[in-house]
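Peer 1:
There are 2 protein chains.
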Amino acid sequence: MSEEVSLSLDEVRRLSIDVLEAGGLSPDHAKAIAAVVYAGQRDECHSHGVYRLLGCVRSVKEGKVNPNAVPDVVDHAAAVVRVNAHYGFSPLAFERGRPLLIEKARKLGLAAMAINNCYHFSALWPEVEAIAAEGLVALAMTPSHSWVAPAGGTKPVFGTNPIAFAWPRPDGPPFVFDFATSAIARGEIELHRRAGKSIPTGWAIDSEGNPTTDPTAAMAGAMLTFGGHKGSALSAMIELMAGPLIGDMTSAESMAFDEGVGAAPCHGELILAFDPKVFLGADAAQHVARAETMFDAIVGQGARLPSQRRYEARERSERQGVRIPKVLYDDLKALLPR
Amino acid sequence: MSEEVSLSLDEVRRLSIDVLEAGGLSPDHAKAIAAVVYAGQRDECHSHGVYRLLGCVRSVKEGKVNPNAVPDVVDHAAAVVRVNAHYGFSPLAFERGRPLLIEKARKLGLAAMAINNCYHFSALWPEVEAIAAEGLVALAMTPSHSWVAPAGGTKPVFGTNPIAFAWPRPDGPPFVFDFATSAIARGEIELHRRAGKSIPTGWAIDSEGNPTTDPTAAMAGAMLTFGGHKGSALSAMIELMAGPLIGDMTSAESMAFDEGVGAAPCHGELILAFDPKVFLGADAAQHVARAETMFDAIVGQGARLPSQRRYEARERSERQGVRIPKVLYDDLKALLPR
Chain A
1 MSEEVSLSLD
11 EVRRLSIDVL
21 EAGGLSPDHA
31 KAIAAVVYAG
41 QRDECHSHGV
51 YRLLGCVRSV
61 KEGKVNPNAV
71 PDVVDHAAAV
81 VRVNAHYGFS
91 PLAFERGRPL
101 LIEKARKLGL
111 AAMAINNCYH
121 FSALWPEVEA
131 IAAEGLVALA
141 MTPSHSWVAP
151 AGGTKPVFGT
161 NPIAFAWPRP
171 DGPPFVFDFA
181 TSAIARGEIE
191 LHRRAGKSIP
201 TGWAIDSEGN
211 PTTDPTAAMA
221 GAMLTFGGHK
231 GSALSAMIEL
241 MAGPLIGDMT
251 SAESMAFDEG
261 VGAAPCHGEL
271 ILAFDPKVFL
281 GADAAQHVAR
291 AETMFDAIVG
301 QGARLPSQRR
311 YEARERSERQ
321 GVRIPKVLYD
331 DLKALLPR
Chain C
339 MSEEVSLSLD
349 EVRRLSIDVL
359 EAGGLSPDHA
369 KAIAAVVYAG
379 QRDECHSHGV
389 YRLLGCVRSV
399 KEGKVNPNAV
409 PDVVDHAAAV
419 VRVNAHYGFS
429 PLAFERGRPL
439 LIEKARKLGL
449 AAMAINNCYH
459 FSALWPEVEA
469 IAAEGLVALA
479 MTPSHSWVAP
489 AGGTKPVFGT
499 NPIAFAWPRP
509 DGPPFVFDFA
519 TSAIARGEIE
529 LHRRAGKSIP
539 TGWAIDSEGN
549 PTTDPTAAMA
559 GAMLTFGGHK
569 GSALSAMIEL
579 MAGPLIGDMT
589 SAESMAFDEG
599 VGAAPCHGEL
609 ILAFDPKVFL
619 GADAAQHVAR
629 AETMFDAIVG
639 QGARLPSQRR
649 YEARERSERQ
659 GVRIPKVLYD
669 DLKALLPR
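Chains as they are written, first to last, in the numbering used here: chain A, 1 to 338; chain C, 339 to 676.
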């Protein structure tokens, strides 16, 4: 087993802020990014934990991301908040726009936030969870880079296009899911390639459009969506809603914009918030209880709710801190000033 | 080949209205239901065509559905329309609420319509298409009856829970999808059972929770969602959004409410509408053109857009009318007054 380093959650946050500030991110960006990296590490989503700091700092060095961008929050329409991230990372833009999104949803019943011109490297669940923490239902989606072929096609059009949803629960953390509409994360194919392993069928096709189990052929060809033509339709919806509808790039456009640098995707994000209190008025508690009955029916038969594993990890981390590979820790330490 | 009858589209509409009125539906309900049955037959969605009239009339006879219900449209909140269908069929409720939904979306940027206490037998695509015809983006979802097990489970919790989406296109019909989040329609399993055929793995499990290819065991067990845990998460979202969020029944509650009659599911429906003109202002045409570039990239590689087959059928039907089995035609004629 490879060597590991134990860190308290406070140390995770401190280390993240220090690495980001040393990497040139403004204190506001460093704090906002550290918060999502912290959440990822705490919940044992390792690919979205402190590991991501390396890519963040690299993206800044490559000159694509503006490390000092100040997001502009615009009260665009009665039910629409727009945030121009000015080619900075997304977490600060989300944080800055969130209060107005929530205010609008509480007033109107529902509202949308469009984040434009942002670089995205983080998962969507911290965002929908933050909205659910205010008692609202949240739905978020974003395109990425065009690596995924449409159903029946052979060439990439869609991104891995994640969609995330949160439903607040009266006792304990919300019901949350966050999944890519590709069959698998792109990183998984890369991991198989490095390990010299073949990939399962259904993940990808080669550049001729034939099913492949060869990760190198898959990387040169196209990934597939999950769930066949249904997943493909959903992925198209995400392209449209979090692209043209909000005046931002599709995954193909974002990929072209990247010019082969391989930075985090630059694009838009759409977040919807719904206030059950407005929908339901005095009956809200009664209907929320009916949702709990459904959750009980799922958990009661031994199935898991989508975020259950993550919440178990969270409890563990809050009790005993986290462990990260020493190699990663040393790589991060090397980014700090001497 | 079994005998068929040719009908013009006008004859389809006339026959539908006559059968429904003879079955006791009010003229307003008959007209609204006939419009969606007409659309289904025209687009060669045979299971949602005139065949559905038989089930409609049966549901009224069984005494579950109110054939004279007058839907109440309530301006519930700034961005929320509620329609109480008063236990009538859904199409009239949708029609009555739609103008206010569209008005709100145009004013605010987006809006929601919650239809409550309605009996649903129709597809969702005619509804999202009707909203897209006004230049708006639409998303609709509804639970059904609890026939579908959650991922990792063995007992039914979810309905077949369809979700539909429409994106208006400048030239020609909108981009539309409408799919069940179950692996397959329940009717498909029943068709296999009647034909004495086995079903593919991945459609259902038996009452012990084991994969089955036996349609009878599947009907007694549980259907599966499409796309594994991702489809299951999406199905849960539909339960929550078009159930408790709008103060209506989950699929399990709707099934219990049915008391074994086997009528169309009684429940709620959530429809969201987004106005690209509000989101995009003067830049709307430019961004809509970017969506077209994406559609071109899909169609240009020989893949199909979700509703392409349906639109081809529509053109055909508008040119030459439709053909229905004579047996079905005779069954419908038998419902008319002598």
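Glycine residues also receive a C-beta, built at the ideal position from the N, C-alpha and C atoms.
Would you check if the stretch 244-260 of chain A and the stretch 603-617 of chain C touch, i.e. whether three or more CB-CB distances between them fall below 8 angstroms?
Peer 2: The stretch 603-617 of chain C makes contact with the stretch 244-260 of chain A; the number of CB pairs closer than 8 angstroms reaches 3 or more.
Peer 1: Are any of the Cβ atoms in chain C nearer than 8 angstroms to that of A:Ile298?
Peer 2: Here residue 298 of chain A refers to the residue found at position 298 when the first sequence is read from its first residue. Chain C contact via Cβ: present.
Peer 1: Tell me whether C:His424 sits in a helix, a strand or coil according to DSSP, three-state version.
Peer 2: Residue 424 of chain C sits at position 86 when you count from the first residue of the second sequence. Note: C:His424 maps to strand in three-state DSSP.
Peer 1: Mind reading off the beta-carbon distance from A:Pro162 to A:Leu124? Whole number of angstroms is fine, and I expect it under 8 angstroms.
Peer 2: Here the question's residue 162 of chain A lines up with position 162 in the first sequence. Here the question's residue 124 of chain A lines up with position 124 in the first sequence. Contact flag correct, Cβ pair sits at about 5 angstroms.
Peer 1: To test your reading of the DSSP string, which unbroken alpha helix (DSSP H) runs of 4 or more residues are found completely within the stretch 287-330 of chain A?
Peer 2: If we require 4 residues or more, the alpha helix (DSSP H) runs fully inside the stretch 287-330 of chain A come out as 308-320.
Peer 1: Check this for me: beta carbons of A:Leu54 and C:Leu446, under 8 angstroms apart or not?
Peer 2: Here residue 54 of chain A refers to the residue found at position 54 of the first sequence. Here residue 446 of chain C refers to the residue found at position 108 of the second sequence. Taking 8 angstroms as the Cβ cut-off, A:Leu54 and C:Leu446 do not qualify as a contacting pair.
Peer 1: Let's see if you can read the secondary structure: which residues bound the alpha helix (DSSP H) around A:Glu134?
Peer 2: On the first sequence, residue 134 of chain A is found 134 positions in, with the first residue counted as 1. Unbroken run through A:Glu134: none, as it is neither H nor E.
Peer 1: For A:Met223, return the contacting residues in chain C, with the cut-off set at a CB-CB distance below 9 angstroms.
Peer 2: Along the first sequence, one-based indexing puts residue 223 of chain A at 223. Result: empty, since nearest Cβ-Cβ is about 14 angstroms, beyond 9 angstroms.
Peer 1: Under the rule that 16 or more other beta-carbon atoms within 10 Å means buried, what is A:Asn68, buried or exposed?
Peer 2: For the purposes of this step, residue 68 of chain A is taken as the residue at position 68 of the first sequence. A:Asn68 comes out exposed.
Peer 1: Leaving out the 5 sequence neighbours to the left and right, which residues in its chain are closer than 7 angstroms to A:Gln41 when beta-carbon positions are compared?
Peer 2: Here the question's residue 41 of chain A lines up with position 41 in the first sequence. Excluding positions up to five away in sequence, the list reads Val12, Gly49, Val50, Val322.
Peer 1: Output yes if chain A places a C-beta closer than 8 angstroms to the C-beta of C:Phe595; else output no.
Peer 2: Within the second sequence, the letter at position 257 stands for residue 595 of chain C. By this cut-off, C:Phe595 is not an interface position.
Peer 1: Does any residue of chain A have a CB that is nearer than 8 angstroms to the CB of C:Leu446?
Peer 2: Within the second sequence, residue 446 of chain C is the residue found at index 108, counting from 1. It does; some Cβ of chain A falls within 8 angstroms.
Peer 1: So what does DSSP say about A:Cys266, is it helix, strand or coil?
Peer 2: The residue you call residue 266 of chain A lines up with position 266 of the first sequence. If DSSP states are grouped into helix, strand and coil, A:Cys266 belongs with the strands.
Peer 1: Measuring only between beta-carbons, confirm whether C:Trp505 sits less than 8 angstroms from chain A.
Peer 2: The count along the second sequence starts at 1 and reaches residue 505 of chain C at position 167. Yes - at least one Cβ of chain A is within 8 angstroms of the one on C:Trp505.
Peer 1: Beta carbons nearer than 7 angstroms to chain C: which residues of the stretch 42-72 of chain A have them?
Peer 2: none
Peer 1: What are the residues that DSSP puts in a beta bridge with A:Trp167?
Peer 2: Residue 167 of chain A sits at position 167 when you count from the first residue of the first sequence. Answer is A:Phe175.
Peer 1: Going by DSSP, which residues form a beta bridge with C:Ile537?
Peer 2: Along the second sequence, read from residue 1 onward, the residue named residue 537 of chain C stands at position 199. Looking at the DSSP assignment, C:Ile537 forms no beta bridge with any residue, so it has no partner.
Peer 1: Note down, in chain order, each residue of its chain lying with its Cβ closer than 7 angstroms to the Cβ of C:Glu467, except the 5 sequence neighbours on either side.
Peer 2: As a first step, residue 467 of chain C is located in the second sequence; it is residue number 129 there, counting from the start. Within the same chain, C:Glu467 has close Cβ partners Ala504, Pro512, Val514.
Peer 1: Assuming A:Trp203 and A:Ala218 are in contact, meaning their beta carbons sit under 8 angstroms apart, how far apart are those beta carbons, in whole angstroms?
Peer 2: Position 203 of the first sequence, counting from 1, holds the residue named residue 203 of chain A. Position 218 of the first sequence, counting from 1, holds the residue named residue 218 of chain A. That pair is a contact at about 7 angstroms.
Peer 1: Give me the DSSP bridge partner(s) of C:Ile543.
Peer 2: Within the second sequence, numbered from 1, the residue matching residue 543 of chain C stands at position 205. C:Pro549, C:Ala560, per the DSSP bridge assignment.
Peer 1: Which chain C residues sit within Cβ distance under 7 angstroms of A:Phe179?
Peer 2: Position 179 of the first sequence holds residue 179 of chain A. Those are Lys568, Ala571, listed as they occur along chain C.
Peer 1: Roughly how many angstroms lie between the CA atoms of A:Ser59 and A:Gly23, to the nearest whole one?
Peer 2: Along the first sequence, one-based indexing puts residue 59 of chain A at 59. Along the first sequence, one-based indexing puts residue 23 of chain A at 23. Whole-angstrom Cα-Cα distance: 10 angstroms.
Peer 1: Since C:Ile662 and C:Val343 should fall inside the 8 angstroms C-beta cutoff, what is the C-beta to C-beta distance between them, to a whole number of angstroms?
Peer 2: To locate residue 662 of chain C, count along the second sequence from 1; it is residue 324. To locate residue 343 of chain C, count along the second sequence from 1; it is residue 5. Confirmed, Cβ separation roughly 6 angstroms.
Peer 1: For A:Glu127 versus A:Phe94, is the C-beta distance shorter than 8 angstroms?
Peer 2: Counting from 1 along the first sequence, the entry for residue 127 of chain A is found at position 127. Counting from 1 along the first sequence, the entry for residue 94 of chain A is found at position 94. Taking 8 angstroms as the Cβ cut-off, A:Glu127 and A:Phe94 qualify as a contacting pair.
Peer 1: In the stretch 423-444 of chain C, which residues sit with their C-beta less than 8 angstroms from some C-beta in chain A, listed in chain order?
Peer 2: none
Peer 1: Taking C-alpha atoms, which residue in A:His86, A:Asn66, A:Lys61, A:Ala140 lies nearest to A:Arg98?
Peer 2: By one-based count along the first sequence, residue 98 of chain A stands at place 98. With distances taken between Cα atoms, A:Arg98 lies closest to A:Ala140.
Peer 1: May I ask you to list the residues that DSSP assigns as paired with A:Ala111?
Peer 2: Within the first sequence, residue 111 of chain A is the residue found at index 111, counting from 1. Looking at the DSSP assignment, A:Ala111 forms a beta bridge with A:Ala273.
Peer 1: Can you list, in chain order, the residues of its chain whose CB lies under 6 angstroms from that of C:Ser645, leaving out five sequence neighbours each side?
Peer 2: On the second sequence, residue 645 of chain C is found 307 positions in, with the first residue counted as 1. These residues qualify, in order along the chain: Val514.
Peer 1: Are the C-beta of A:Arg186 and some C-beta of chain C separated by less than 8 angstroms?
Peer 2: Numbered from 1 along the first sequence, position 186 holds the residue referred to as residue 186 of chain A. It does not; no Cβ of chain C falls within 8 angstroms.
Peer 1: With distances taken from CA atoms, which of C:Ala449, C:Arg654, C:Asp668, C:Ser340 is nearest A:Ala273?
Peer 2: Numbered from its first residue, the first sequence carries residue 273 of chain A at position 273. Minimum Cα distance to A:Ala273 is reached at C:Ala449.
Peer 1: Taking a contact to mean a Cβ-Cβ separation below 8 angstroms, would you say C:Met575 touches A:Glu239 in this structure?
Peer 2: On the second sequence, residue 575 of chain C is found 237 positions in, with the first residue counted as 1. On the first sequence, residue 239 of chain A is found 239 positions in, with the first residue counted as 1. Not in contact: C:Met575 and A:Glu239 (Cβ atoms no closer than 8 angstroms).
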